[in-house]
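*Asks:* Have a look at this one before I ask anything.
Number of protein chains: 2
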Amino acid sequence: MDLPVNPAPLEPPPTTDKPAMRGRQVACTACAMHPLCYPLSAAEGWLNAVQTRRRLARGERLYRAGSPQSALYAVRAGFLKACAPGPDGGRFIVRFLLPGDAAGLDAFGTGVHPTEAVALEDCQVCEIPRYRAEILAEGIPSLGAQLRKLIGGELARSQEHASLLTRHAASERVSRFLVDLSRRWGERGYSRSAFRLPMRRQEIGEHLGLTMETVSRILSDFQSRGWIRLSRGGV
Amino acid sequence: MDLPVNPAPLEPPPTTDKPAMRGRQVACTACAMHPLCYPLSAAEGWLNAVQTRRRLARGERLYRAGSPQSALYAVRAGFLKACAPGPDGGRFIVRFLLPGDAAGLDAFGTGVHPTEAVALEDCQVCEIPRYRAEILAEGIPSLGAQLRKLIGGELARSQEHASLLTRHAASERVSRFLVDLSRRWGERGYSRSAFRLPMRRQEIGEHLGLTMETVSRILSDFQSRGWIRLSRGGV
DNA sequence: GCGATTGTTTGATCCAGTTCAAGCCGCGCC
DNA sequence: GGCGCGGCTTGAACTGGATCAAACAATCGC
């Protein structure tokens, strides 16, 4: 059973969601892409820009580095990483993607994805074809502005992250990472104090410019100080 | 003597430039913002979106971190840094701005500048008021796309830089920085092999996540190996 | 030109985080 | 169950770059 492709509205104005995949789905109204998906909500009834929902199995790629930008994506359920793979097998993880986050925006510069997005667990992703986004942006000025806002937000975040990498020591990077993740889970209605940490130590390291060993040591240290309590895949 | 404010076109389709300020001005046709400044070039005669040209003295700020986004900027002549100042006096330099570069795009996320731009030498900067950019983007679809392209390009660059910061050792950061700067000067019609390096060691360090001492040592090392030759403010 | 100020180079020491290595834990699979 | 594998933790030694410090070179104001 797959989700329907290209029906006018995938669903009516969604305020409540049906029992979701693994209980981890985000409501469309809470999604970063909501203004794009439902650009004409009040004015002209529901127009849904999303044409496809894709399911991704753990480890599957949403898009590849170097592939042309065919669509914008919104994470509906699950957890992904957006990463820039290096030639040597190493990689830098640009950002972890939670339900409600937008993905693939960095391809607007060249029309080609400079990074790739990989599912860290089974995911559900909404897809707005690029041509459709372009057409809608032409017709609806506020949508163009929304798109600029999304990309600009990513830019500011990326700069902020680069600043974190240069100006802060390892333990501060890890603590800020935890606080940031806690906040983001919180914004999605989950507990800020007990949240999932579904990526591996290695991947946290690749995001923060540290080795897996250092990340592990720092987390253990935080735990021994009583600041956090670690469990399998959670804090 | 200041440049005129808000005349219909500041100048006719500029292919040649008059003897420029310190001989370092970029032609409008080579500017990243050109498609925005002259959106209707062929079709409807010259419409110039730029309303103001500002001169900045060395050390002057183009915009401040935390101030609302009132305009987009294009560097016409001179050299600036875009930096994120920290509370402790330290800062991270996001990017150095050469003639033809766009600035202030990272404010599209929140409408507030997360960074500031400071002139490293006397500069001339074109300014497109934000409201004007918005209006033009509504009227001219290609302009909206151009704006997305500019912001998306900055995003990809920023991610690439963050990757450089995490995945490469000091000497590689410096060499890549030099190669990149060389390329950028080259694109502007200057020599790729003998170019200006108008920022201080300290500032190179703040851009690359290194101390001034390390930058100086690495540059001296490159010179002693015969890879580069350093002169006052140049390579 | 002279002295002050600001930026650069070089040297010596130190330490945070890496690297290498070994054990551990949880989980899936035969 | 027991075995194996992938991820996590912990330990010990090493090292790249930071830090501290001092000499040096340009530039500016007078």
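Chains as they are written, first to last, in our numbering: chain A, 1 to 235; chain B, 1 to 235. Every residue, glycine too, gets a C-beta built ideally from N, C-alpha and C.
Leaving out five residues before and five after B:Ile228 in sequence, what residues of the same chain have Cβ atoms less than 8 Å from its Cβ?
*Replies:* Mapped onto the second sequence, residue 228 of chain B falls at position 228. Hits under 8 Å: Leu178, Leu219, Phe222, Val235.
*Asks:* Which same chain residues end up closer than 8 Å to A:Ser193 when comparing Cβ atoms and leaving out the 5 residues on each side of it in sequence?
*Replies:* Position 193 of the first sequence, counted from the first residue, corresponds to residue 193 of chain A. Ser182.
*Asks:* Which residues of chain A have a Cβ atom closer than 8 Å to the Cβ of B:Ala84, listed in chain order?
*Replies:* If you number the second sequence from 1, residue 84 of chain B lands on position 84. What B:Ala84 touches in chain A: Gln159, Glu160, Ser163.
*Asks:* Are at least three pairs of beta-carbons, each pair with one atom in the segment 128-147 of chain A and one in the segment 69-78 of chain B, less than 8 Å apart?
*Replies:* no
*Asks:* Scan the segment 113-198 of chain A and note each continuous beta strand (DSSP E) run of 3 residues or more that stays entirely inside, going in chain order.
*Replies:* 116-119, 123-129
*Asks:* Grouping DSSP H, G and I as helix and E and B as strand, with all else coil, what is B:Gln69?
*Replies:* Taking the second sequence and counting its residues from 1, one reaches residue 69 of chain B at position 69. Coil at B:Gln69, not helix or strand.
*Asks:* Could you have a look at B:Val215 and say whether DSSP puts it in helix, strand or coil?
*Replies:* Counting from 1 along the second sequence, the entry for residue 215 of chain B is found at position 215. Helix, per DSSP.
*Asks:* By alpha-carbon positions, which one of B:Gly152, B:Ala84, B:Arg61 ends up nearest to A:Asp106?
*Replies:* Stepping through the first sequence from its first residue, residue 106 of chain A is reached at position 106. When only C-alpha atoms are compared, the closest one is B:Gly152.
*Asks:* Relative to the alpha-carbon of B:Leu97, which residue among B:Glu116, B:Gly90, B:Asp88 has its alpha-carbon at the smallest distance?
*Replies:* Position 97 of the second sequence holds residue 97 of chain B. Selected option, being the one with the closest Cα: B:Glu116.
*Asks:* In the DSSP assignment, find the unbroken beta strand (DSSP E) run with A:Ile93 in it and report its ends.
*Replies:* Translated into positions along the first sequence, residue 93 of chain A becomes position 93. Annotation: the continuous beta strand (DSSP E) that includes A:Ile93 extends over 91-97.
*Asks:* When you check each C-beta in the segment 71-97 of chain B against every C-beta of chain A, which residues fall closer than 7 Å?
*Replies:* Ala84, Gly86, Gly90, Phe92, Val94
*Asks:* Return helix, strand or coil for A:Arg225, following the three-state DSSP convention.
*Replies:* Within the first sequence, residue 225 of chain A is the residue found at index 225, counting from 1. A:Arg225 falls in the coil class under three-state DSSP.
*Asks:* Between which two residues does the alpha helix (DSSP H) containing A:Arg232 stretch?
*Replies:* Residue mapping note: residue 232 of chain A aligns to position 232 of the first sequence, counting from 1. Segment: none, A:Arg232 is in no alpha helix (DSSP H) and carries neither H nor E.
*Asks:* Considering only residues of the same chain and omitting the five flanking positions on each side of B:Phe238, which have a CB-CB separation below 6 Å?
*Replies:* Because chain B here runs from 1 to 235, residue 238 of chain B falls outside it and cannot be looked at.
*Asks:* Which residues mark the beginning and the end of the alpha helix (DSSP H) in which B:Leu208 is found?
*Replies:* Residue 208 of chain B sits at position 208 when you count from the first residue of the second sequence. That run of the alpha helix (DSSP H) goes 201-208.
*Asks:* Using the beta-carbon count (16 or more within 10 Å), is A:Glu187 buried or exposed?
*Replies:* The sequence position of residue 187 of chain A within the first sequence is 187, counting from 1. So A:Glu187 counts as exposed.
*Asks:* Rounded to a whole number of angstroms, what is the C-alpha to C-alpha distance between A:Arg217 and A:Ala170?
*Replies:* Mapped onto the first sequence, residue 217 of chain A falls at position 217. Mapped onto the first sequence, residue 170 of chain A falls at position 170. When rounded, the distance between both Cα atoms is 10 Å.
*Asks:* Return no unless some Cβ of chain B is closer than 8 Å to the Cβ of A:Gly152.
*Replies:* To locate residue 152 of chain A, count along the first sequence from 1; it is residue 152. Yes, A:Gly152 lies at the interface with chain B (some Cβ there is under 8 Å from its Cβ).
*Asks:* Please classify B:Ala57 as buried or exposed, where buried requires at least 16 neighbouring CB atoms within 10 angstroms.
*Replies:* Within the second sequence, numbered from 1, the residue matching residue 57 of chain B stands at position 57. Exposed: under 16 other Cβ atoms inside 10 Å.
*Asks:* Quick test of your reading: A:Thr166 and B:Leu230, contact by CB under 8 Å. State the CB separation rounded to the nearest angstrom.
*Replies:* Looking up residue 166 of chain A in the first sequence gives position 166. Looking up residue 230 of chain B in the second sequence gives position 230. In fact, because the Cβ distance is near 24 Å, the residues do not count as touching under 8 Å.
*Asks:* Cα-Cα, which of A:Ala82, A:Arg173, A:Ile204 is closest to A:Lys118?
*Replies:* Mapped onto the first sequence, residue 118 of chain A falls at position 118. It should be noted that the sequence gives Val, not Lys, for residue 118 of chain A. Residue A:Ala82 is the option with its Cα nearest to A:Val118.
*Asks:* So with Cβ pairs under 8 Å, would you call A:Asp122 a contact of chain B?
*Replies:* Residue mapping note: residue 122 of chain A aligns to position 122 of the first sequence, counting from 1. It does not: the Cβ of A:Asp122 has no partner Cβ on chain B nearer than 8 Å.
*Asks:* Please report how far the alpha carbon of B:Gly89 lies from the alpha carbon of B:Glu206, in whole angstroms.
*Replies:* Along the second sequence, one-based indexing puts residue 89 of chain B at 89. Along the second sequence, one-based indexing puts residue 206 of chain B at 206. Taking the straight line joining both Cα atoms gives about 12 Å.
*Asks:* Could you tell me whether the Cβ of A:Leu230 comes closer than 8 Å to any Cβ of chain B?
*Replies:* For the purposes of this step, residue 230 of chain A is identified with residue 230 of the first sequence, where counting begins at 1. No - not a single Cβ of chain B is within 8 Å of the one on A:Leu230.
*Asks:* Can you find the residues in the same chain that come closer than 7 Å, C-beta to C-beta, to B:Met21, ignoring five residues on each side of it along the sequence?
*Replies:* Sequence index remark: in the second sequence, residue 21 of chain B carries index 21 (1-based). The pLDDT assigned to B:Met21 is 41, lower than 50, so where the model puts this residue is not dependable; a value taken from the coordinates is nonetheless given after this. For B:Met21, where only same-chain residues beyond five positions count, the Cβ hits under 7 Å are Ala77, Gln124.
*Asks:* Quick one: is B:Arg167 near chain A, going by C-beta distance under 8 Å?
*Replies:* Locating residue 167 of chain B in the second sequence gives position 167, counting from the first residue. Yes, B:Arg167 counts as interfacial toward chain A.
*Asks:* Going by the DSSP bridge assignment, what does B:Cys83 pair with across the sheet?
*Replies:* On the second sequence, residue 83 of chain B is found 83 positions in, with the first residue counted as 1. Its beta-bridge partners are B:Ile93, B:Glu116.
*Asks:* At the level of alpha carbons, what is the spacing between B:Ala133 and B:Glu160?
*Replies:* Residue numbering aside, residue 133 of chain B sits at position 133 when the second sequence is read from its first letter. Residue numbering aside, residue 160 of chain B sits at position 160 when the second sequence is read from its first letter. Whole-angstrom Cα-Cα distance: 28 Å.
*Asks:* On the three-state DSSP scale, how would you describe A:Gln25?
*Replies:* For the purposes of this step, residue 25 of chain A is taken as the residue at position 25 of the first sequence. A:Gln25 falls in the strand class under three-state DSSP.
*Asks:* Since B:Asp106 meets chain A, which of its residues come closer than 8 Å, beta carbon to beta carbon?
*Replies:* For the purposes of this step, residue 106 of chain B is taken as residue 106 along the second sequence, with counting starting at 1. Correct list: Gly152, Leu155, Ala156, Gln159.
*Asks:* Return the chain-ordered list of same chain residues with a C-beta closer than 6 Å to the C-beta of B:Arg64, the five sequence neighbours on each side being excluded.
*Replies:* Within the second sequence, residue 64 of chain B is the residue found at index 64, counting from 1. If you ignore the 5 residues before and after B:Arg64, its C-beta comes within less than 6 Å of the C-beta of Glu116, all in its own chain and listed in chain order.
*Asks:* Indicate whether at least one CB of chain A lies closer than 8 Å to the CB of B:Arg132.
*Replies:* The count along the second sequence starts at 1 and reaches residue 132 of chain B at position 132. Not one chain A Cβ lies under 8 Å of B:Arg132.
*Asks:* Measuring only the C-alpha atoms, how far is B:Gly189 from A:Arg91?
*Replies:* Locating residue 189 of chain B in the second sequence gives position 189, counting from the first residue. Locating residue 91 of chain A in the first sequence gives position 91, counting from the first residue. Taking the straight line joining both Cα atoms gives about 34 Å.
*Asks:* Is the beta carbon of A:Arg173 sitting closer than 8 Å to the one on A:Leu208?
*Replies:* The count along the first sequence starts at 1 and reaches residue 173 of chain A at position 173. The count along the first sequence starts at 1 and reaches residue 208 of chain A at position 208. It is a contact, given that the beta carbons lie within the stated cut-off.
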